[in-house]
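Visitor:
8 protein chains.
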Amino acid sequence: MANETTTTQPLVGIIMGSQSDLRVMNAASEILETLGVPYELTIVSAHRTPHRMFEYAENARKRGLKVIIAGAGGAAHLPGMVASLTTLPVIGVPVKSSNSIDGWDSVLSILQMPGGIPVATVALDGALNAGILAAEIVSTFNAAVADKLDKYKISLKDKVMRSVEELKRGDRDLD
Amino acid sequence: MANETTTTQPLVGIIMGSQSDLRVMNAASEILETLGVPYELTIVSAHRTPHRMFEYAENARKRGLKVIIAGAGGAAHLPGMVASLTTLPVIGVPVKSSNSIDGWDSVLSILQMPGGIPVATVALDGALNAGILAAEIVSTFNAAVADKLDKYKISLKDKVMRSVEELKRGDRDLD
Amino acid sequence: MANETTTTQPLVGIIMGSQSDLRVMNAASEILETLGVPYELTIVSAHRTPHRMFEYAENARKRGLKVIIAGAGGAAHLPGMVASLTTLPVIGVPVKSSNSIDGWDSVLSILQMPGGIPVATVALDGALNAGILAAEIVSTFNAAVADKLDKYKISLKDKVMRSVEELKRGDRDLD
Amino acid sequence: MANETTTTQPLVGIIMGSQSDLRVMNAASEILETLGVPYELTIVSAHRTPHRMFEYAENARKRGLKVIIAGAGGAAHLPGMVASLTTLPVIGVPVKSSNSIDGWDSVLSILQMPGGIPVATVALDGALNAGILAAEIVSTFNAAVADKLDKYKISLKDKVMRSVEELKRGDRDLD
Amino acid sequence: MANETTTTQPLVGIIMGSQSDLRVMNAASEILETLGVPYELTIVSAHRTPHRMFEYAENARKRGLKVIIAGAGGAAHLPGMVASLTTLPVIGVPVKSSNSIDGWDSVLSILQMPGGIPVATVALDGALNAGILAAEIVSTFNAAVADKLDKYKISLKDKVMRSVEELKRGDRDLD
Amino acid sequence: MANETTTTQPLVGIIMGSQSDLRVMNAASEILETLGVPYELTIVSAHRTPHRMFEYAENARKRGLKVIIAGAGGAAHLPGMVASLTTLPVIGVPVKSSNSIDGWDSVLSILQMPGGIPVATVALDGALNAGILAAEIVSTFNAAVADKLDKYKISLKDKVMRSVEELKRGDRDLD
Amino acid sequence: MANETTTTQPLVGIIMGSQSDLRVMNAASEILETLGVPYELTIVSAHRTPHRMFEYAENARKRGLKVIIAGAGGAAHLPGMVASLTTLPVIGVPVKSSNSIDGWDSVLSILQMPGGIPVATVALDGALNAGILAAEIVSTFNAAVADKLDKYKISLKDKVMRSVEELKRGDRDLD
Amino acid sequence: MANETTTTQPLVGIIMGSQSDLRVMNAASEILETLGVPYELTIVSAHRTPHRMFEYAENARKRGLKVIIAGAGGAAHLPGMVASLTTLPVIGVPVKSSNSIDGWDSVLSILQMPGGIPVATVALDGALNAGILAAEIVSTFNAAVADKLDKYKISLKDKVMRSVEELKRGDRDLD
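Protein chains in written order, with the UniProt record's numbering: chain H, 1 to 175; chain R, 1 to 175; chain B, 1 to 175; chain S, 1 to 175; chain U, 1 to 175; chain Y, 1 to 175; chain F, 1 to 175; chain P, 1 to 175.
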């Protein structure tokens with residue numbers, strides 16, 4: 001379990017606007033554990049704790065973080081505002097919140113950042129991919145993580161090939 | 001001309017994310033002049049000047065402002081972030097910026113605020129209505145502005161009735 | 001319980017197109033009670049009781065109301081029509097009705113008002129924010145409500161910080 | 001030219017929210033002239049002349065009108081509000097106004113009427129079809145108009161067949 | 001019960017693309033019974049029984065029908081194709097079928113007819129309004145139906161006023 | 001049951017991005033069996049088994065396949081990538097996957113292919129139609145399949161006519 | 001030039017709803033000439049010449065056609081209606097007509113066909129791809145066309161490789 | 001000018017589907033030059049040169065690249081397919097191509113990647129932000145680039161503050 005206080009220096013900071021986003025965002029922390037990338041995870045709300053957000057974003061690089069993953073729903077300002085306060089790469093996860101208009105609000109308010117302030121946006125509720133992308137960024141200077149990513153890619157292929165074999169044996173049940 | 005330094009105490013603060021938004025946002029300042037509501041106008045970028053935004057929003061009420069009008073395009077975070085930092089009513093103007101996806105991005109990232117942090121959103125490029133709405137808010141405690149709003153409403157009706165008369169006279173030119 | 005007959009002079013009028021909108025609109029009345037803003041609540045249908053709507057809107061200011069909150073679904077004409085008949089600020093709540101096309105109809109028919117007749121639109125089903133926005137408008141001339149809004153904002157932050165603490169303690173249950 | 005004062009009793013009332021809609025709405029009056037259906041045409045704004053709208057809609061049937069065509073853009077409330085005030089068939093023309101979000105706003109705010117208050121909606125900027133539909137309604141009790149509609153339908157077919165002939169002759173110029 | 005074989009001459013023909021549309025389209029027949037307008041109801045599929053559709057549409061006027069209501073889902077071609085084969089007014093009901101993309105497909109394929117061939121489109125799943133609109137068309141030459149429509153409009157208002165009274169009595173249960 | 005190893009030479013290859021797509025794609029194989037067209041069915045993932053996809057697509061024609069049906073969800077690249085690697089007709093089935101944005105992602109990423117590389121796209125989750133379309137293509141050189149398609153078309157009409165009869169008998173139950 | 005009267009037996013029939021669609025649809029005929037596939041081209045309007053459409057579709061197979069390409073805009077019923085009247089493969093080209101809502105209407109009214117009646121839909125204004133797809137279908141029984149398709153695919157690659165070379169030489173002008 | 005043959009080892013590979021994307025993608029190369037990050041730029045088409053794409057993606061890491069920026073329009077498969085063939089971070093730029101449906105096709109076909117294969121998506125035509133994001137990734141292991149990013153962020157702020165000063169001086173010209 002990796003929370004705010006981890007023994008290894010976290011390289012990835014996972015933040016989200018509300019506790020209810022954990023349902024989606026846990027996939028990011030789980031894959032980072034699988035890929036051996038130390039991380040921290042906490043709640044930072046752009047709209048309810050703006051000063052906390054400022055502090056978190058402005059101190060992230062000096063605290064040793066390499067990437068920030070920020071998930072939020074609705075008019076999702078957390079990823080973009082964090083990106084305005086750091087030069088670390090920021091990955092945005094649009095969360096489909098309960099009163100979202102089919103997810104379009106969080107997707108567009110994270111993706112359509114103005115020139116100068118990028119957010120690396122992943123798919124709606126795509127926290128798994130946010131975690132992998134963070135690991136890919138870490139892998140640019142960490143060969144061990146690059147190796148783990150290679151193994152993960154092979155495992156994806158193997159899973160497909162197992163379904164191929166099942167189908168060949170005449171087993172067409174849905175997984 | 002009413003800029004940051006006006007002699008009368010401004011009641012409405014008009015801010016926008018970039019100088020290019022002036023094209024749209026000027027309509028707010030013009031109608032406020034018409035309606036006799038003192039205002040100030042400046043540029044505050046959520047993403048490029050986040051500290052300036054914090055300072056502007058947190059000092060607004062104590063500086064005597066009653067309403068803030070905030071215009072922005074694309075992933076438009078200015079209105080919502082200002083609303084997170086003040087309890088004054090904040091009016092958001094979605095601006096259709098040059099690389100906008102038909103305006104949907106600015107509309108949704110201003111409108112779909114989470115519970116607790118409202119933004120009073122007007123139509124796409126609706127700075128005129130933002131100005132009128134600000135005056136309506138001022139009119140709740142200022143009878144002179146209420147009177148001017150009544151007169152403005154009558155002028156809208158009169159303009160329609162003049163077109164009605166022109167049509168009756170057989171003049172069907174487009175205006 | 002604050003209905004049409006309240007002992008204190010109501011400052012906010014909450015109206016909605018149909019009894020079925022109460023499910024959504026109750027959040028506006030509840031937060032106004034929390035924030036100490038007297039209100040009234042009733043049903044006014046633009047399409048089924050157009051004369052009642054006219055009367056309600058035209059008498060609102062002289063009856064002492066300061067703000068009107070109007071909720072409606074589908075082709076939602078109530079907020080805009082009320083705005084055409086008063087110079088009070090009108091807050092529109094797009095309600096996602098049962099046969100709505102994902103809420104787009106109510107959002108667009110409330111938001112996209114023509115120049116001259118503003119409606120302060122909040123998020124889909126955003127009645128809570130409509131109530132807070134109404135209180136913010138009242139707070140421009142009522143310091144007690146401004147204080148309550150400050151306290152409410154702090155309570156939002158406190159709730160986030162409690163989740164932060166829970167996460168630190170290793171408790172990652174969803175709320 | 002058929003304006004408010006025509007010698008023949010108008011059967012169709014064409015109204016629109018603003019003079020700028022004439023550009024689109026003229027197609028309705030032209031086809032009604034072609035089909036021999038007397039009509040009147042004027043400007044009635046739901047938001048700027050709400051009382052005029054009430055009076056127009058409530059008197060329409062007793063003045064002898066059989067159908068009302070109402071065109072409006074943006075948050076287009078005119079067709080639906082007129083329909084709430086009369087039991088005549090009301091045809092709505094969504095006009096793509098200058099600040100429209102690609103026409104979706106006028107389409108949805110005219111089309112998505114609640115149960116009980118229908119508006120017969122035609123295509124975006126579809127004033128020609130609104131005029132034909134009005135004539136079709138008149139044709140249910142007027143054989144002369146039914147005949148003219150038959151001839152019109154044949155003329156549509158003949159125009160296609162002429163293009164077929166042109167193509168056969170090897171002429172593939174665009175029309 | 002009014003099916004294909006009714007004793008009174010049907011004035012309205014209700015058709016739909018598939019038996020599964022009955023769930024939605026029954027609302028049209030029920031309101032026509034309430035309003036005293038004789039009708040017939042059957043299934044005509046544009047894509048599976050195109051010849052039947054041709055025959056139905058081309059014979060409708062001579063069989064005494066005054067209006068056709070056509071409901072269909074997905075790529076909904078029935079209303080538009082019927083309109084191409086008759087000069088009677090055709091009312092289109094976009095049905096939200098099981099694999100519809102949120103109803104957009106049926107709405108757009110019924111609404112956006114080319115110039116010359118109108119379809120009077122009502123809201124998604126709006127069969128009730130289709131029935132009322134058909135009655136309004138019949139009312140242009142039938143005073144008894146006009147009277148029933150007046151009474152129906154009053155009943156809509158009365159239902160709202162009853163909810164108003166319930167709210168006044170402090171009963172805020174949802175209906 | 002026809003899997004990768006069928007005794008008859010398969011003419012249609014049905015592939016899909018993941019085992020979970022079987023739920024939708026089975027409709028293609030079932031109709032091909034009905035229409036007497038030999039096929040094979042397997043899983044080929046563009047993103048998890050890209051080399052397998054290359055091999056499958058490049059060998060398809062020489063292996064005797066005449067048509068490829070490819071189903072995928074989300075950012076669905078399988079149909080288009082297969083089309084880039086073969087000159088056989090490729091039919092794309094947009095699958096509405098679990099985190100899809102209402103199906104728009106798979107529809108657009110299959111449909112909007114650049115000039116030079118067509119994909120024959122069918123409706124969202126339209127695997128049944130993909131199978132029929134494949135049979136129609138086979139029918140261009142195989143009269144037996146053409147006959148079966150004729151019979152299938154008649155069966156569609158017969159099913160409608162049976163509902164017509166049921167309705168005539170007064171049975172308005174939903175199917 | 002290949003019009004209705006060509007000396008070689010046409011294998012592909014290109015039809016479109018109006019002469020104005022030629023601007024888009026010519027790309028289909030041009031690529032078919034390049035690929036050596038005989039075709040015919042004419043205008044068939046679903047809404048203005050429904051009988052002509054019936055006759056065209058029902059006679060297509062017996063006249064020797066193997067594929068039909070049908071282009072139409074707005075509420076585009078031509079491809080689907082033709083598909084309901086033949087068992088030949090029908091390719092639908094959504095044309096972005098002048099009053100289209102950004103092309104969504106023609107895309108959805110062609111793509112979202114009900115089960116049983118497929119239309120092979122290509123991209124908006126994708127007539128070039130419709131022609132190639134028709135040739136791919138012909139190639140399933142015609143080796144000469146398969147060869148031409150191979151050569152065409154190579155030419156696409158060669159064009160890309162020429163731009164690669166230009167960029168290498170430092171020439172970054174836009175094409 | 002940095003093309004395929006640069007003397008410094010390129011760290012970022014910029015690829016795009018067609019020469020016409022250079023108009024948009026040049027912004028990525030320009031900002032990388034400003035930020036001192038060596039890069040290469042070439043054309044790789046997923047659909048027209050699939051083997052070249054495979055080779056490029058599979059060799060990228062061993063050739064020393066740290067990040068790949070891939071831009072494409074319409075059904076944009078290049079970024080996702082490259083991501084399926086490498087474990088380097090891949091940044092996707094949705095390009096609004098000429099026949100795009102308002103950019104939605106390229107946005108969704110790049111953004112909505114399935115779990116396991118992330119693409120870091122930036123705004124529509126957001127090549128500038130793609131370049132900055134690539135530099136941010138490089139900055140995680142390269143302090144010189146981190147410094148340049150800090151300076152760039154300050155320059156963005158300075159540009160805003162200059163507009164603020166211009167406005168104060170009464171100069172409200174649009175930039």
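Glycine is no exception: its CB is placed at the ideal position from the N, C-alpha and C atoms.
Tell me the DSSP bridge mates of T121 of chain Y?
Guide: Y:G92 and F:T121
Visitor: Would the stretch 12-27 of chain R and the stretch 37-51 of chain R be scored as touching if the rule is three or more Cβ pairs under 8 Å?
Guide: At 8 Å Cβ cutoff, the stretches touch.
Visitor: I'd like the list of long-range same chain contacts for S45 of chain F, defined as Cβ closer than 6 Å, with 5 residues on each side in sequence excluded.
Guide: G17
Visitor: Does the count of Cβ pairs from the stretch 117-133 of chain Y and the stretch 158-169 of chain Y closer than 8 Å reach three?
Guide: no
Visitor: Since I69 of chain Y sits in a beta bridge, which residues does DSSP pair it with?
Guide: Y:I14 and Y:I91
Visitor: Can you list, in chain order, the residues of its chain with a C-beta nearer than 8 Å to that of F54 of chain H? Leave out the 5 residues immediately preceding and following it.
Guide: L85
Visitor: Just tell me which of U:T8, U:A146, U:S109 and U:V12 has its CA closest to the CA of P94 of chain U.
Guide: U:S109
Visitor: Taking the continuous beta strand (DSSP E) assigned at A43 of chain P, which residues delimit it?
Guide: The identity of residue 43 of chain P in the sequence shown is Ile, whereas the question assumes Ala. Where I43 of chain P is concerned, the enclosing beta strand (DSSP E) stretches over Y39 to I43.
Visitor: Within the 8 Å Cβ cut-off, does F54 of chain B reach chain R?
Guide: no
Visitor: 8 Å is my cut-off, CB to CB: does D102 of chain U come that close to chain B?
Guide: Chain B contact via Cβ: present.
Visitor: Is it right to say K168 of chain H is buried, meaning 16 or more other beta carbons lie within 10 angstroms of its own, or is it exposed?
Guide: exposed
Visitor: Can you tell me which of the three DSSP states T34 of chain U falls into?
Guide: helix
Visitor: Scan the stretch 145-157 of chain P for residues whose Cβ lies nearer than 9 Å to a Cβ of chain R and list them as they occur along the chain.
Guide: K153, L156 and K157
Visitor: Using a beta-carbon distance below 8 Å, is T8 of chain F in contact with chain Y?
Guide: Contact of T8 of chain F with chain Y is not assigned, every C-beta pair being separated by 8 Å or more.
Visitor: I'd like to know whether the C-beta of G13 of chain P is nearer than 8 Å to at least one C-beta of chain A.
Guide: Of the chains in the structure shown, none is chain A; the protein chains are H, R, B, S, U, Y, F and P.
Visitor: Return the residue from the list B:G115, B:R48 and B:V107 that minimises the CA-CA distance to K159 of chain U.
Guide: B:R48
Visitor: Since A146 of chain H and T87 of chain P should fall inside the 8 Å C-beta cutoff, what is the C-beta to C-beta distance between them, to a whole number of angstroms?
Guide: 6 Å
Visitor: Using a Cβ cut-off of 8 Å (strictly closer), state whether A28 of chain S contacts chain F.
Guide: no
Visitor: How would you list, in chain order, the residues of chain S whose beta-carbon sits under 9 Å from the beta-carbon of G74 of chain F?
Guide: Those are A123, listed as they occur along chain S.
Visitor: Less than 8 Å between the CB atoms is what I'm expecting for L149 of chain P and E136 of chain P, so what's the real figure, rounded?
Guide: 6 Å
Visitor: What residues in its chain sit with their C-beta under 6 Å from that of S139 of chain F, if we drop five residues either side in the sequence?
Guide: V145, A146 and L149
Visitor: Buried or exposed: which applies to H77 of chain Y, given that a residue is buried once 16 or more other Cβ atoms fall within 10 Å of its Cβ?
Guide: buried
Visitor: Counting only the same chain and skipping the five closest in sequence on each side, list residues whose C-beta sits under 7 Å from that of A60 of chain R.
Guide: G13, I68, T86 and L88
Visitor: Throw me the rounded Cβ distance for the I91 of chain F and A57 of chain F pair, which I believe falls under 8 Å.
Guide: Actually they do not touch by this definition, with Cβ atoms about 13 Å apart.
Visitor: Around the C-beta of K96 of chain F, are 16 or more other C-beta atoms found within 10 angstroms, so that it is buried, or is it exposed?
Guide: buried
Visitor: Which residue from Y:G64, Y:V37, Y:Q19 and Y:I15 puts its Cα closest to that of P79 of chain Y?
Guide: Closest option to P79 of chain Y, Cα to Cα, is Y:I15.
Visitor: By the criterion of Cβ-Cβ separation under 7 Å, what are the contact partners of V160 of chain Y in chain U?
Guide: I43, S45, R48 and T49
Visitor: Taking its Cβ as the centre, do 16 or more other Cβ atoms sit within 10 Å of I31 of chain U, making it buried, or is it exposed?
Guide: buried
Visitor: Closer than 9 Å, Cβ to any Cβ of chain U: which residues of the stretch 109-134 of chain F, in chain order?
Guide: S109, I110, L111, Q112, M113, P114, G115, G116, I117 and V119
Visitor: If you reduce the DSSP assignment to three classes, tell me which class M113 of chain Y lands in.
Guide: coil
Visitor: Answer with yes or no whether the minimum CB distance from G71 of chain H to chain R is below 8 Å.
Guide: no
Visitor: Using CA atoms only, rank isn't needed, just tell me which of F:G170, F:K153, F:L11 and F:P10 is closest to A83 of chain Y.
Guide: F:K153
Visitor: Using a Cβ cut-off of 8 Å, pull out every chain P residue sitting near S20 of chain H, in sequence order please.
Guide: Result: empty, since nearest Cβ-Cβ is about 21 Å, beyond 8 Å.
Visitor: When burial is assigned at 16 or more other CB atoms within 10 Å of the CB, is S98 of chain H buried or exposed?
Guide: exposed
Visitor: Using a Cβ-Cβ cut-off of 8 Å, state whether residue 217 of chain F counts as contacting chain Y.
Guide: One cannot answer for residue 217 of chain F here, as it falls past the ends of chain F, which runs 1 to 175.
Visitor: What residues in its chain sit with their C-beta under 6 Å from that of R52 of chain U, if we drop five residues either side in the sequence?
Guide: V44
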